[in-house]
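Peer 1: Structure incoming, see below.
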Amino acid sequence: MTSLPTTSLHHPAESELFDETLSCELALPAEFQAGSAAGRTSGAEGLLRSLALVEDSRVDEHDERNEASLQLQRLEAKLDLAMVLLGRLVRQQGQELTLRPVRWSRRGIRLQLGPRSGATPGQAGVVRLQPSDWLPDHIDLPVEVIAEAADGSGGHFLWLRFQRLGDGLEMAMERHLFRLHRRQVAEARRAR
66 MTSLPTTSLH HPAESELFDE TLSCELALPA EFQAGSAAGR TSGAEGLLRS
116 LALVEDSRVD EHDERNEASL QLQRLEAKLD LAMVLLGRLV RQQGQELTLR
166 PVRWSRRGIR LQLGPRSGAT PGQAGVVRLQ PSDWLPDHID LPVEVIAEAA
216 DGSGGHFLWL RFQRLGDGLE MAMERHLFRL HRRQVAEARR AR
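Using the working numbering, you'd call the opening residue of the sequence shown number 66 and step up by one each time.
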């Protein structure tokens, strides 16, 4: 996942989804599918919780360097390589989502798409996204279309508000967004 510079859009949907809440702008594999979300979101909470467990338990770069931590780092590197290879295999089988600019908060998500999606305000659907670049799996989140507008370069923005996530999934997503935000802040500091 690539961090993107903060985009300043003047659309009412921006305020509805992103004002006074933590949000991240990044590029990640994602798509919108119109239609019912019934039964499609059951694995999202578990995947986000598992990502949190793995990422929070990783050895921090600032930890004391001893033989045990070096062995753990080597093991993590091997696991990362295995996940990259697995991701390539999945992409070769045609199940790849398109990498696109998104803005994501606990309230919803803005996708930057190519040509018009044909979505209409109030329409139900699912946003499918890959929350981690090292794990080639996706989550499906139920959404409602709140707006669509041209992006000025031949594409369109689509604003989607999350629907019926449940407390557990909402908490797991907020925790994931916080980790993404923390990573973006650290990358910005290193770039200075």
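Here a beta-carbon is modelled for each residue, glycine too, at the ideal position from N, C-alpha and C.
Which residues bound the beta strand (DSSP E) around P77?
Peer 2: No beta strand (DSSP E) holds P77; the alpha helix (DSSP H) holding it covers 77–83.
Peer 1: Under the DSSP definition of a beta bridge, which residues are partnered with A237?
Peer 2: In DSSP, A237 forms no bridge with anything.
Peer 1: Can you tell me which residues form a DSSP beta bridge with I174?
Peer 2: Note: I174 sits in a beta bridge opposite W169, L225.
Peer 1: Going by the DSSP bridge assignment, what does P180 pair with across the sheet?
Peer 2: Its beta-bridge partners do not exist; DSSP assigns none.
Peer 1: Got a sec: is the Cβ-Cβ distance from V167 to anything in chain C below 8 Å?
Peer 2: Note that chain C does not occur in the displayed structure, where there is just one protein chain.
Peer 1: What distance in whole Å lies between the Cβ atoms of G179 and G31, which are believed to be in contact at a cut-off of 8 Å?
Peer 2: Residue 31 is absent from the model: the chain starts at 66 and stops at 257.
Peer 1: Is it right to say P196 is buried, meaning 16 or more other beta carbons lie within 10 angstroms of its own, or is it exposed?
Peer 2: Classification of P196: buried, given that the 10 Å Cβ count is 16 or more.
Peer 1: Which stretch, first to last residue, makes up the beta strand (DSSP E) that contains E96?
Peer 2: Start and end: 88–99.
Peer 1: Is the region 240–255 in contact with the region 198–209, if contact means three or more CB pairs nearer than 8 Å?
Peer 2: Verdict: no, contact absent.
Peer 1: Does the beta-carbon distance from R168 to I174 come in below 8 Å?
Peer 2: Yes.
Peer 1: Taking only three categories from DSSP, how would you classify E161?
Peer 2: Note: E161 maps to coil in three-state DSSP.
Peer 1: Going by C-alpha distance, which of G233, S88, F222 is nearest Q177?
Peer 2: Ranking G233, S88, F222 by Cα distance to Q177 puts F222 first.
Peer 1: What separation, rounded to the nearest whole angstrom, lies between the Cα atoms of T163 and L137?
Peer 2: Those two C-alpha atoms are separated by around 33 Å.
Peer 1: How many Å lie between R172 and L112 at the Cα?
Peer 2: Computed Cα separation, rounded: 19 Å.
Peer 1: Are A117 and G190 closer than 8 Å when you measure CB to CB?
Peer 2: Contact flag unset, no.
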